[in-house]
Amino acid sequence: VIGITYVVASAAVILIAGFSAEGAEHIKETLTGTLIWVDWPTIGKMSGAYALVGLFHWVFRRRLLAITFTPERVGNLRLWDFLFYVSFGVAISFSVEVAGVLMVFSSLVIPAVIAFLFTDRFRTALFLAWASGSIAVVGGIVASFYWDVATGPLLVCAFGAVLIVAFMIRSLVGARPGTKVYVALLDEGEVGGEG
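In the numbering used here, the protein residues as written are 42 to 236.
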């Protein structure tokens, strides 16, 4: 669903921007962002939004994990799906404005793919995703500074490079882990309750 939404939204942006005199520049900005030129009020606004989304996800983490991994055990599944996607939409809306569509999509998908190359345990995957994402972002920003190239596109390429390195490491380590994801945070007694 996310991939389809991304593709359709990107096509719509290209079509709409074509009606503007500065259409090509707007498309470039939407796809690659203006990461280096963000001002402090924007950073403050984004930090507040991310803090609220993070707090929501922390407070209701068991329920949000359950809607993904054990949906049959969740009451009001549609409501919780809706609340998750609202929080997801808020985070993406604030992110795309600054980082661009390509960077946001890469940072959402690639670290998770890397993590699940190496583990089928949720917590381990979470830490691997954070680590690989951090490596890509820090490496991309440093390379962008030293090579004096656009930060957004270079960050997307950095995510791709980290993914390639992860595939190479995975091929040296051995076979891919199983597909079952173990969620240690979920107990039968906690899934139906709040939090």
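Glycine included, each C-beta is placed from N, C-alpha and C at the ideal position.
- One thing to note: residue 137 has its Cβ within 9 Å of the Cβ of residue 145.
- Residue 133 sits away from residue 201, with the two beta carbons spaced by 9 Å or more.
- Separation of residue 196 and residue 88 (C-alpha to C-alpha, rounded to the nearest whole angstrom) is 21 Å.
- Distance from the CA atom of residue 92 to the CA atom of residue 82, rounded to whole angstroms, is 15 Å.
- The residue among 143, 176, 99, 168 with its C-alpha nearest the C-alpha of residue 76 is 143.
- Residue 104 is bridged by DSSP to nothing; it lacks a bridge partner.
- Within its own chain, the residues whose Cβ lies closer than 6 Å to the Cβ of residue 177, once the five positions on either side in sequence are excluded, are 199, 200, 203, listed in chain order.
- Residue 119 and residue 56 have their C-alpha atoms some 33 Å from each other.
- Taking all protein chains shown into account, residue 175 has fewer than 16 neighbouring C-beta atoms within 10 Å of its C-beta and is therefore exposed.
- Excluding residues up to 5 positions away in sequence, 192, 195 lie with their Cβ nearer than 6 Å to the Cβ of residue 185 in the same chain.
- Counting only the Cα atoms, residue 156 lies some 14 Å from residue 209.
- Residues of the same chain with a CB within less than 8 Å of the CB of residue 109, apart from the 5 flanking positions on each side, do not exist.
- Between the beta-carbon of residue 97 and that of residue 128 there is about 5 Å, and that keeps the pair under the 8 Å contact cut.
- With a beta-carbon spacing of about 6 Å, residue 105 and residue 125 fall inside the 8 Å limit used to define contacts.
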